[in-house]
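The block underneath contains the structure these notes are about, expressed in structure tokens.
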Amino acid sequence: MKHIIYLGLIGVGGLLFAAIRPNQIISNIDQPGNTDWVNYGGNKAGNRYSPLTQINLDNVKNLQVAWTYNAAKIDGEGGRQPEIQCQPIVVNGILYGTTPKLKLFAVKANTGEQLWVFDPFKDKTARFNPNRGVMYWEEGNGGVDKRILFTAGPTLFAINALTGEPVTQFGKNGEVDLREGLLTDPNYDLKKVSVTVTSPGVIHKDLLVLGCTVSEYGDAAPGHVRAFDVRTGKMRWIFHTIPQPGEAGYETWPKDAYKKIGGANNWAGMVLDEKRGMVYLGTGSPAVDFYGGSRAGQNLYADCILALNAETGKLKWYYQTVHHDLWDRDLPCQPNLVTVKHNGKLVDAVAQSTKDGLVYVLDRDTGTSLFPVEERAVPTTGLPGEQPWPKQRFPLKPAPFARQVFTEADITDRTPEAHAFVKERFLKTRAGNKFMPPSLEGTLFFGIGGGAEWGGNAAAPDGILYQNSNEMVWDVKMMDMAARTAELASKGKSLYQANCAACHGADRKGSGDAYPSLVDIGKRLTGQDIQAILKTGRGRMPSFEHISEQDRSTLVRFLLNTETKASNTDDHHNASAPVAVAEKPVFPYIPPYINNGWTRFVDPDGYPAVKPPWGTLNAINLNTGEYLWKVPLGEFPELTKKGIALTGTENYGGPIVTAGGLVFIAATYDERIRAFDRKTGKVVWEYQLPAGGFATPITYQVNGKQYVAVAVGGVKNGHKPGGYYFAFALP
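In structure tokens form, the structure reads like this:
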């Protein structure tokens, strides 16, 4: 029956294609036979769709490596290699991307031959962070001024796209400090604020609209959305995601929240409707994660889908997916601008996927949902001082693409020992409601590392959305900060509690490969190594340059268990150390409760605590809200050999879809890239990469030849490093 529905849409597909076509990947009229991938997400609508058909269902089995580029080699020796999450772009036959250590490069898109490299940290302290792509702008149509705009650390750069040299008239010698203009206190030292950008913004005419990534603790800067003049770098407008006095939404927070509460940031990217002149984006949770006692209220515009006027930043509408977020349910990926057939009419819509496995399909002009959404009562008993919001939203269509609650029936049965281990923990903690407030006892729930993740989704012109998903249970237990502070015997412990415990746990034991144990870190790293990592960041871990060098040294001594009594005589009452003091409306904010770390709940052998599938790829008909198919994504070869096949794995990176009838995606733990038949979900091609392809692919055409390319960075979650870009083509 599902396939009958799909075939019935073919006639609609032509109309939908015509509606979306202005935002599609462009062909370069100066170079016939070229089709570029100009934007993060393929086009400004974030469709990740290509009209190319040279690689198709009939011949994809013949796909082979066309060229590789060793991006890690460009970084040189020294320090552990970070991962690559970058989805490159292709403009005029040139591919632009970033290396593991955030150098910007340009290569010929048909051969991988290097044209130039730009080092953002030359003669500077490196500030590593995940980077998912870059942006391109040119003056007019084919003008001489062609620029790549990208971010590294807290800096926005404008680089000449042809030469790799900074555009000196932009900002200060080609640079803009993104920390400026975020805080309400003009006297606060901006060097103490952590601000980076993980996902590109969008460019509308001469405006670059940009979000940011901030801390998730009490020192989080507010995640305001800003627009910069693409020529000069000057800020042209700012939208306060945490409203200030006199602004709409201010009443949904305590009166002084804007002075001390951060977050509510767009870290996952945004999209642009050029015809309407509107930017659409999703925001994250407010700080601090898992406790909101000092931000009573609905908390607009955190966890919202926003429609902003691209020229002015004025809000047209908002749609909040989680009220007063206590579960870190950021909107984790770009929205996707689609056109669907709804009630017999073509409707321009925005589709937004969520961490808890939902898809909201909203009218692009009004923000109203095209499918029914219920507001239901949820538990309201929280930690002292907490005031959970009494109702939350539950979309009825499409059905969730990931499990919503952890039940006893979900407990793994991979082995009797694994089942017994998980059941014992299950019976000692709380589960059963996705909106159960965090507690000192602990809660098991889905929804931190996906459902959807930053890789996003792909939409074909016929209204079919292709979304990959994670199915991982997380173990969240809160800690009383006042009690913990009373237990602390050293300043180093206090610094660790404030800056490290949220990820690596209060006991320093971490959570598997994603957040490694720090118990015996001295056996792996020297004090100098740890100092360097704290200063520059590495992989998912941000730079901690915003805390003082003296505090970093104290923290290193604590981690190496070399802290002395003399080193504990410094004043503990500083911005980095959480202490039991009266709450004041100043930045940074010190919460009374903090979580035990982002801890995956796994069985004794390290596999997910639930029954498979642990990762899926889904095809969702946004015209009807029904699913065409759902298949496992990825496998564990060692389990397959034991007869436990088609488990799926956690996956990071997203899909693309082509007119050739294919969905391409890497992303999986087994380090493969695959092509699926987009009508059936059947794997029709796969290739074993030398490392994990934890990024989203692209496809493009140069001189009449179609390529599929992906960053092969590895590293993530304990995988071996890669540091390559791979491009595939037909013989």
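Here my numbering is used: the first residue of the sequence shown is 378, the next is one more, and so on.
All C-beta atoms in this analysis are idealised placements derived from N, C-alpha and C, irrespective of residue type, glycine included.
Residues near residue i by beta carbon distance below 6 Å, same chain, minus five either side
{"i": "Gly1091", "result": "Ala1068, Gly1069, Lys1097, Pro1098, Gly1099"}
{"i": "Ala959", "result": "Bear in mind that a pLDDT of 36 at Ala959, under 50, signals an unreliable position, so the model cannot answer this."}
{"i": "Ser920", "result": "Arg504, Thr913, Gly914"}
{"i": "Tyr346", "result": "Residue 346 is absent from the structure shown; the chain starts at 378 and stops at 1108."}
{"i": "Glu515", "result": "Lys523"}
{"i": "Leu430", "result": "Rather than Leu, the amino acid found at residue 430 in this sequence is Thr. Closer than 6 Å at Cβ, skipping near neighbours: Ala1036, Gly1037."}
{"i": "Ala1104", "result": "Ala443, Trp444, Tyr1084, Ala1086"}
{"i": "Ala449", "result": "Gln458, Pro477, Gly1100"}
{"i": "Ala634", "result": "Arg672"}
{"i": "His719", "result": "Leu747"}
{"i": "Thr1057", "result": "none"}
{"i": "Val553", "result": "Leu533, Gly610"}
Counted within 10 angstroms of its Cβ, other Cβ atoms place residue i as buried (16 or more) or exposed
{"i": "Pro749", "result": "exposed"}
{"i": "Pro815", "result": "buried"}
{"i": "Asn845", "result": "buried"}
{"i": "Glu785", "result": "exposed"}
{"i": "Thr629", "result": "buried"}
{"i": "Pro981", "result": "exposed"}
{"i": "Thr698", "result": "buried"}
{"i": "Asn810", "result": "exposed"}
{"i": "Arg977", "result": "buried"}
{"i": "Glu848", "result": "buried"}
{"i": "Asn506", "result": "buried"}
{"i": "Val1089", "result": "buried"}
{"i": "Gly453", "result": "exposed"}
{"i": "Lys421", "result": "buried"}
Rounded separation between residue i and residue j - CA only
{"i": "Tyr970", "j": "Met855", "result": "6 Å"}
{"i": "Gly762", "j": "Tyr668", "result": "9 Å"}
{"i": "Val782", "j": "Ala996", "result": "22 Å"}
{"i": "Gly882", "j": "Lys1082", "result": "50 Å"}
{"i": "Val755", "j": "Tyr1077", "result": "47 Å"}
{"i": "Gly530", "j": "Asp740", "result": "36 Å"}
{"i": "Asp928", "j": "Lys568", "result": "14 Å"}
{"i": "Ala1044", "j": "Gly623", "result": "45 Å"}
{"i": "Asn487", "j": "Phe823", "result": "42 Å"}
{"i": "Trp1006", "j": "Phe935", "result": "51 Å"}
{"i": "Ala597", "j": "Gly826", "result": "20 Å"}
{"i": "Ser746", "j": "Arg770", "result": "12 Å"}
{"i": "Leu1023", "j": "Pro990", "result": "7 Å"}
{"i": "Ala1106", "j": "Lys480", "result": "26 Å"}
{"i": "Lys886", "j": "Val853", "result": "14 Å"}
{"i": "Asp435", "j": "Thr573", "result": "44 Å"}
{"i": "Phe495", "j": "Phe527", "result": "11 Å"}
{"i": "Val896", "j": "Arg608", "result": "49 Å"}
{"i": "Arg556", "j": "Thr1017", "result": "48 Å"}
7 Å CB neighbourhood of residue i in its chain, flanking five on each side removed
{"i": "Ala687", "result": "His581, Leu584, Val586, Leu649, Gly654, Met655, Val656"}
{"i": "Asp884", "result": "none"}
{"i": "Lys988", "result": "Asp787, Thr789, Asp790"}
{"i": "Ser642", "result": "Looking at the sequence itself, residue 642 is Asn, so the reference to Ser does not match. If we look at Asn642 and ignore the five residues flanking it on each side, its Cβ neighbours are Gly588, Cys589, Thr590, Val591, Gly600, Thr618, Thr660, Gly661."}
{"i": "Gly626", "result": "Pro620, Leu677, Tyr678"}
{"i": "Thr545", "result": "Gly551"}
{"i": "Gln490", "result": "Note that residue 490 corresponds to Glu in the displayed sequence, not to Gln. If we look at Glu490 and ignore the five residues flanking it on each side, its Cβ neighbours are Val484."}
Same chain only: Cβ atoms within 8 Å of residue i, ignoring 5 sequence neighbours per side
{"i": "Glu1063", "result": "Arg1049, Ile1050, Arg1051, Ala1052"}
{"i": "Leu937", "result": "Ile898, Gly899, Gly904, Ile907"}
{"i": "Ala538", "result": "Val468, Ile471, Tyr473, Ala483, Tyr513, Glu515, Lys523, Arg524, Ile525"}
{"i": "Asp707", "result": "Trp644, Ala645, Gly659, Thr660, Gly661, Ser662, Asp680, Lys732"}
{"i": "Lys768", "result": "His700, Glu752, Arg753, Ala754, Val755"}
Distance CB(residue i)-CB(residue j) smaller than 8 Å
{"i": "Ala835", "j": "Arg425", "result": "yes"}
{"i": "Trp340", "j": "Gly690", "result": "For the chain, the structure presents residues 378 to 1108; residue 340 sits outside this window and is missing."}
{"i": "Pro1014", "j": "Gly1025", "result": "no"}
{"i": "Gly646", "j": "Pro563", "result": "no"}
{"i": "Ser427", "j": "Gly418", "result": "no"}
{"i": "Cys880", "j": "Trp975", "result": "yes"}
{"i": "Phe798", "j": "Leu821", "result": "no"}
{"i": "Leu1066", "j": "Pro1032", "result": "no"}
{"i": "Val717", "j": "Leu999", "result": "yes"}
{"i": "Leu932", "j": "Leu902", "result": "no"}
{"i": "Ala1072", "j": "Gly1030", "result": "yes"}
{"i": "Leu560", "j": "Gly670", "result": "no"}
{"i": "Pro543", "j": "Ile1075", "result": "no"}
{"i": "Leu842", "j": "Asn972", "result": "no"}
Contact test: residue i Cβ vs the ligand GDP heavy atom, cutoff 7 Å
{"i": "Ser671", "result": "Absent from the structure shown: the ligand GDP. Ligands present: none."}
Taking contact to mean at least 3 C-beta pairs separated by less than 8 Å, is the segment 732-745 in contact with the segment 440-451? Under the 8 Å Cβ criterion, the segment 732-745 does not count as touching the segment 440-451, having fewer than three qualifying pairs.
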